[in-house]
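Numbering (my numbering), first residue to last: 345 to 792.
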């Protein structure tokens, strides 16, 4: 069999069957382009249609979500859940509430989740969901009524052995609470393992809030270590100012680095003294204000509504906002300013053109499916605790998280070396390692 021709045929069919879903096309292309050496060594995967099945979700759900705002007006949003692959375990992946959410976005996220979850070594499949509802500016009552309507439809597809959502952009502890309450009310079961990202007081896991950001930094530290570096004294830039960005910055500071810039949708902030995380948390998590309020509160900091956070010179960059936020020009600027490593805290924040710039320049690049796997890994740890009616300390959970991220890093390097010869090719290593684990399980379970 001509492996390259087979992969190209699968790619063509993916684009034909999913028109207009640019992000899904991009995610599928990035994975498929890496799999030639794996299929050449294991032609049986091509012969049994593994790629075709991997690229087609097992189930796609799309539904109406009606709710009533504080003025008594009926609003209608659209809900999604793509249950992509359950070869390794129940579908696992977050819910995103944001105006940009559409079927293509959810499919790209769910596809990435298959390989990310496989890399953790946990028994979890890949899925993703969400809605085009925007919680920003909405009252608690409005968010509650939306979440209750959303869960009224989605609940019939969930279960601790079936599909276990978590949070994502726009879905934090408040939203998880409302969703869980409605699930419990409808099913008459306290099935704590059906949602992760819960507050610690009623079934949540210590370190889950911090896990994605901490995990990205652990992965970046492992990459730096391969070249004899560390975070000590390094200038770091983090994009975004949400949960992932804040806790990535917190762990960087704990390891001796200095985060000098972060951002939100209005612009970016530079503080050469190092970002004051308590002030940032107050502005973003308590006041829910724009990041410009930081510069107003701290005169030594400056805010810019022009350019991007990647214009700020740094040695490590942690893009942690959203997909395709870091383009070719940003990558060129980072390389010119001497960046050593990039670890994606968000899902696919770097465009293919940007990734190519990093790889050509020899910059260490950790793709999101590897670098930000800490969040879903800790969600799986939360599921373990729920199943055993147990609760671990913050220190124990973080220790397990660190071990998982070291394992993901080692797996990426050894696989890249085995299938391409260059251990620094984390894109190849992550894609092939994740693919092989899922493909083996799919093969063992027959043509389903």
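Glycine included, C-beta positions come from ideal geometry on N, C-alpha and C.
Legend entry - Cβ-based burial, residue 382 [other Cβ within 10 Å; buried from 16]: Residue mapping note: residue 382 aligns to position 38 of the chain shown, counting from 1. So residue 382 ends up on the buried side.
Legend entry - Secondary structure of residue 686, DSSP reduced to three states: On the chain shown, position 342 is the one that residue 686 refers to. Three-state DSSP puts residue 686 in a strand.
Legend entry - Classification of residue 692 by the beta-carbon crowding that lies within 10 angstroms, buried from 16 upward: Taking the chain shown and counting its residues from 1, the one referred to as residue 692 is at position 348. Classification for residue 692: buried.
Inset, instruction - Take residue 724 as the anchor and find which of 412, 350, 470 has the nearest alpha-carbon. - result: One-based indexing of the chain shown puts residue 724 at position 380. Selected option, being the one with the closest Cα: 470.
Inset, instruction - Report the rounded CA-to-CA distance for residue 661 versus residue 604, giving the unit in angstroms. - result: Residue mapping note: residue 661 aligns to position 317 of the chain shown, counting from 1. Residue mapping note: residue 604 aligns to position 260 of the chain shown, counting from 1. So the two alpha carbons sit approximately 11 Å from each other.
Inset, instruction - Kindly indicate which three-state DSSP category residue 659 falls into: helix, strand or coil? - result: As a first step, residue 659 must be located in the chain shown, where it is residue number 315. Coil.
Legend entry - Within 8 Å, strictly: CB atoms of residue 480 and residue 453: Locating residue 480 in the chain shown gives position 136, counting from the first residue. Locating residue 453 in the chain shown gives position 109, counting from the first residue. Against a cut-off of 8 Å, the Cβ pair of residue 453 and residue 480 comes out as no contact.
Inset, instruction - Could you name the residues of the same chain whose beta carbon sits closer than 6 Å to that of residue 353, not counting the 5 residues immediately before and after it, in chain order? - result: In the chain shown, the residue the question calls residue 353 occupies position 9. None.
Inset, instruction - Quick one: grab the DSSP three-state call for residue 599. - result: Counting from one through the chain shown, the residue named residue 599 turns up at place 255. The answer is coil: DSSP assigns residue 599 none of H, G, I, E or B.
Inset, instruction - Assess, as a yes-or-no matter, whether the segment 626 to 640 is touched by the segment 599 to 616 under the definition of 3 or more beta carbon pairs within less than 8 Å. - result: yes
Inset, instruction - Starting from residue 404, follow its DSSP beta bridges and name the residues at the other end. - result: Your numbering for residue 404 matches position 60 in the chain shown. Residue 404 pairs with 426.
Inset, instruction - Could you check what DSSP says for residue 573 in three-state terms: helix, strand or coil? - result: As a first step, residue 573 must be located in the chain shown, where it is residue number 229. Coil, per DSSP.
Inset, instruction - Run the proximity test for residue 399: is its beta-carbon closer than 7 Å to any non-hydrogen atom belonging to the ligand NAP? - result: Inclusion of the ligand NAP in the displayed structure is not the case, the ligand content being empty and no account of it being possible.
Legend entry - residue 444 burial status per 10 Å Cβ neighbour count (16 or more: buried): Along the chain shown, one-based indexing puts residue 444 at 100. Exposed.
Inset, instruction - Indicate the three-state DSSP secondary structure (helix, strand or coil) for residue 694 in the structure shown. - result: Counted from its first residue, the chain shown places residue 694 at position 350. In this structure, residue 694 counts as strand in the three-state DSSP scheme.
Inset, instruction - Take residue 542 and list the residues in its own chain whose beta-carbon comes closer than 6 Å to its own, dropping the five residues that flank it on each side. - result: Numbered from its first residue, the chain shown carries residue 542 at position 198. The answer, listed in chain order, is 520, 548.
Legend entry - Local conformation of residue 411 per DSSP, three classes: Start at 1 with the first residue of the chain shown, and residue 411 comes out as number 67. In the structure shown, residue 411 sits in a strand (DSSP, three-state: E or B).
Inset, instruction - Could you have a look at residue 460 and say whether DSSP puts it in helix, strand or coil? - result: One-based indexing of the chain shown puts residue 460 at position 116. If DSSP states are grouped into helix, strand and coil, residue 460 belongs with the helices.
Legend entry - Residues of its chain near residue 287, where Cβ-Cβ distance is below 8 Å and the 5 sequence neighbours each way are ignored: Since the displayed the chain opens at 345 and closes at 792, residue 287 lies outside it and no answer follows.
Inset, instruction - Taking only the alpha-carbon atoms, compute the straight-line gap between residue 341 and residue 431 and give it to the nearest angstrom. - result: Residue 341 lies beyond the residue range present for the chain, which begins at 345 and ends at 792; the question has no answer from this structure.
Inset, instruction - With DSSP collapsed to three states, give me the class of residue 714. - result: In the chain shown, counting from the first residue as 1, residue 714 sits at position 370. Three-state result, residue 714: helix.
Inset, instruction - Starting from residue 421, follow its DSSP beta bridges and name the residues at the other end. - result: The residue you call residue 421 lines up with position 77 of the chain shown. According to DSSP, which records beta bridges pairwise, residue 421 is partnered with 409.
Legend entry - Proximity winner among 456, 436, 435, relative to residue 399 (alpha-carbon distances): In the chain shown, counting from the first residue as 1, residue 399 sits at position 55. The option with the nearest alpha carbon to residue 399 is 456.
Inset, instruction - Pick helix, strand or coil for residue 440, following the three-state DSSP scheme. - result: Indexing the chain shown from 1 puts residue 440 at position 96. Residue 440 falls in the strand class under three-state DSSP.
Legend entry - Contact the segment 490 to 497 vs the segment 655 to 673: 3+ CB pairs below 8 Å: no
Legend entry - C-alpha gap between residue 563 and residue 418, whole angstroms: To locate residue 563, count along the chain shown from 1; it is residue 219. To locate residue 418, count along the chain shown from 1; it is residue 74. In a straight line, the C-alpha of residue 563 is about 45 Å away from that of residue 418.
Inset, instruction - Could you spell out the range, first to last residue, of the beta strand (DSSP E) harbouring residue 472? - result: For the purposes of this step, residue 472 is identified with residue 128 of the chain shown, where counting begins at 1. That run of the beta strand (DSSP E) goes 469 to 475.
Legend entry - Residue from 630, 677, 459, 510 with nearest C-alpha to residue 395: Residue 395 sits at position 51 when you count from the first residue of the chain shown. The shortest C-alpha separation from residue 395 is found at 459.
Legend entry - Touching by the beta-carbon criterion (3+ pairs, under 8 Å), the segment 498 to 517 and the segment 700 to 709: no
Legend entry - Own chain, CB closer than 6 Å to residue 608, minus 5 neighbours either side, in chain order: The residue you call residue 608 lines up with position 264 of the chain shown. Cβ within range, chain order: 585, 635.
Legend entry - CA-to-CA distance, residue 574 to residue 591, given in whole angstroms: Taking the chain shown and counting its residues from 1, one reaches residue 591 at position 247. Taking the chain shown and counting its residues from 1, one reaches residue 574 at position 230. Distance between the alpha carbons of residue 591 and residue 574: 18 Å.
Inset, instruction - For residue 503, collect the residues of the same chain with a Cβ closer than 8 Å to its Cβ; drop the 5 residues on either side in sequence, then sort them by chain order. - result: Here residue 503 corresponds to residue number 159 of the chain shown, with the count starting at 1. Cβ within range, chain order: 434, 535, 538.
Inset, instruction - Return the residue from the list 582, 355, 589 that minimises the CA-CA distance to residue 678. - result: Locating residue 678 in the chain shown gives position 334, where the first residue counts as 1. It is 582 whose Cα lies nearest to the Cα of residue 678.
Inset, instruction - Confirm, please, whether the CB-CB distance from residue 375 to residue 775 is below 8 Å. - result: Taking the chain shown and counting its residues from 1, one reaches residue 775 at position 431. Taking the chain shown and counting its residues from 1, one reaches residue 375 at position 31. A contact, by the Cβ cut-off of 8 Å.
Inset, instruction - Measure from the alpha carbon of residue 689 to the alpha carbon of each residue in 697, 649, 606, then state which is nearest. - result: Translated into positions along the chain shown, residue 689 becomes position 345. Nearest C-alpha to residue 689: 606.
Legend entry - residue 744: first and last residue of the uninterrupted beta strand (DSSP E) it sits in: Indexing the chain shown from 1 puts residue 744 at position 400. Looking at the DSSP string, residue 744 is not in any beta strand (DSSP E); the run it does join, the alpha helix (DSSP H), is 738 to 764.
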